[in-house]
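See below for the structure under consideration.
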Amino acid sequence: MFKKSLISAGVALVLFSLMIGVRTEAGPQGGLIYWTRFDDLAALVATVFGGSIIVELLRQWWGPVDTERMVPKPVQAVMSFVGRWLAPALLIFAFLIPVIFYDQRYILDLSILVLTYVMLGWGLNVVVGLAGLLDLGYVAFYAVGAYSYALLATNFGLSFWVCLPLAGILAAFWGVLLGFPVLRLRGDYLAIVTLAFGEIIRLVIINWQSLTGGPNGVSGIPRPTMFGIPLTPGDDGLAARLGIDFSPTHRIVFLFYLILAMALLTNWVTIRLRRLPIGRAWEALREDEVACRALGINVTTTKLTAFATGAMFGGLAGAFFATRQGFISPESFTFQESALVLAIVVLGGMGSQLGVALAAVTMIGGFELFRGLDQYRMLVFGMAMVLLMIWRPRGLIGHRAPTVFLERNQAISSDLVKEGHG
């Protein structure tokens, strides 16, 4: 036990020596200056050592993980009841957020950001959670959707409602283009190619200045309208036509319900696709590609549809991001965005819609909660992810109900059983 704890403390000392122990930055004269924080480093290493001892003691006390023994039956009943009504309660609360927090712009903006990542998580869940294809370049489709809307709206004067499906179609097209080179790849090789694809798209956006504006980005992106009526303070605005006083919050509330509707549409389409033959083919591909081929499933079509479907939802989310911000640049579509969305899918539970939503709320809300602790924020999230991987390796909600199952037991003829009885 002490040996494992000492090894963990040694690893922590090596990893955090340069992250916590020594701090460097550019000085006023342009030179590099540094200062040490060995007291913080020692406290962190001691915490890791003590935490490792506690974890080992708990494992010896509990023995093998046994849900029936660790969680009493009354608690299990309460958890089952909460799990049954958690999703409807969250949905009702989401609809009431603009009503409850109408005067709190910060909470409304944060809610819009959370719902954007929920939609991105549900889109990536099709590729990673259902089809089992590790995609590290999902931000590329996010960028394609955003730039498609921005360029179409600014250059051709098309409205948001016309550009939105076009952005999804273009993103799906690029998803198919990505799918063809990776048809024979799996595992780490697939992750490397998708990572390269995301970086290629970002570099193209930066260097194709005549089209994308390069590092300067695209500004002046039109805002969405409600059935052609702008949400502006003018006489032709929605407030004037309804005879109410104009408030800038009206546009924020409209954007909130817009991204909520888009996220719910993503969820509904994903659930419906899971119950169709293509959804069952995705799940078969995830479990075993060789067995999937043996069953006669067209693996090529299955992979391409998974990439195209996930990319389409990413493109739709990108179009919303562009119209919400009014300005986009390549800095908004880095690898960190792909890693964040992938972490949401994995931590929430691959294949679990509710788990992805809870993980998005936890991670995006957690980033805001620890915004004042810039130096330790990523460290806290890293430790939380490690603990979750230890105690919940399949995510917050790791249970994946089969899409096809027998509602009642069915007896088997004794002729088909080797033992000779049914």
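Residue 422 is where the sequence shown ends in this note's numbering, and the numbering goes up by one at each step. Ideal Cβ positions, reconstructed from N, Cα and C, are used throughout, including at glycine.
Cβ pair residue i, residue j closer than 8 Å
i	j	result
A9	F38	no
L264	T309	no
Y149	A322	yes
I206	P215	yes
A153	G318	no
R394	G349	yes
L304	V176	yes
F307	V127	yes
G198	L151	no
A94	F141	no
Y147	T212	yes
A89	V45	no
Separation of residue j from residue i, as counted between CA atoms
i	j	result
L342	G382	14 Å
I278	S159	33 Å
L183	T194	12 Å
A311	T36	45 Å
V65	N155	Confidence in V65 is poor, its pLDDT being 48 and thus under 50, which makes the residue's placement unreliable; the coordinate value appears in the next sentence. Roughly 60 Å between the two C-alpha positions.
L238	Y102	18 Å
E337	I344	11 Å
C292	A240	59 Å
E331	R202	9 Å
M385	L379	10 Å
F313	T302	17 Å
L134	G243	52 Å
L18	L178	38 Å
I92	I364	20 Å
A43	W85	42 Å
V14	R392	27 Å
I169	F333	19 Å
T47	I54	10 Å
Q209	F367	33 Å
L358	I297	33 Å
F16	F180	41 Å
A87	T249	27 Å
L164	M389	37 Å
Y324	F335	Reading the sequence as shown, one finds Arg at residue 324 and not Tyr. R324 and F335: Cα-Cα distance of roughly 21 Å.
E68	E287	Bear in mind that a pLDDT of 45 at E68, under 50, signals an unreliable position, so the number given afterwards is only what the model happens to contain. Cα-Cα distance, rounded: 27 Å.
I100	W161	28 Å
L387	G145	35 Å
I192	V346	18 Å
Contact set for residue i: own chain, Cβ-Cβ below 7 Å, skip 5 residues either direction
i	result
F254	M226 and L231
L295	A284
T300	L183
E289	R186 and V299
A360	V114, Y117, V118, G121 and I344
W282	L130, A131, T302 and A306
Y189	none
Cut-off 8 Å between Cβ atoms - residues of its own chain near residue i, not counting five sequence neighbours on either side
i	result
F256	I97, P98, L108, S111, I112 and L115
G267	Per the sequence shown, the amino acid found at residue 267 is Asn instead of Gly. Within the same chain, N267 has close Cβ partners W122 and Q353.
K4	S52 and E56
G450	For residue 450 there is no data in the structure shown, the boundaries of the chain being 1 and 422.
W326	For the sequence presented, residue 326 should be read as Gly rather than Trp. Correct list, in chain order: S219, G220, I221 and R223.
D236	I229 and P230
L340	Y117 and M363
Neighbourhood of residue i by C-beta distance below 6 Å, restricted to the same chain and skipping five residues each side
i	result
S329	G217
I397	G349, S352, L354 and G355
F246	P233 and A239
M70	Because M70 sits at a pLDDT of 49, beneath the cut-off of 50, its placement in the model cannot be relied upon, and the following sentence gives the value as read from the coordinates. Correct list: empty, nothing qualifies.
F320	I259
Supposed close pair residue i, residue j - CB separation, criterion 8 Å
i	j	result
G129	L285	Actually they are not in contact, since the Cβ atoms of G129 and L285 sit about 12 Å apart, beyond 8 Å.
L316	A167	6 Å
T362	N125	16 Å between Cβ atoms; not a contact.
V356	V118	7 Å
I259	R105	16 Å between Cβ atoms; not a contact.
4 or more residues per run - each alpha helix (DSSP H) lying fully within the segment 136 to 184:
With a minimum length of 4 residues, the continuous alpha helix (DSSP H) runs that stay inside the segment 136 to 184 are 139 to 156 and 160 to 179.
What residue ranges within the segment 209 to 245 form continuous beta strand (DSSP E) runs of no fewer than 3 residues, ordered along the chain?
DSSP runs (the beta strand (DSSP E)) wholly in the segment 209 to 245: none.
Alpha helix (DSSP H) runs contained entirely in the segment 10 to 56, provided each spans 4 or more residues
List check, alpha helix (DSSP H) in window: nothing returned.
Length-filtered (4 minimum) alpha helix (DSSP H) runs lying within the segment 333 to 376
For the segment 333 to 376, whole alpha helix (DSSP H) runs of length 4 or above, ordered along the chain, are 335 to 348 and 353 to 369.
At what residue ranges does the segment 260 to 321 contain a whole run of the beta strand (DSSP E), taking only runs of 3 or more?
Listed in chain order, nothing qualifies, since the segment 260 to 321 has no complete beta strand (DSSP E) run of 3 or more residues.
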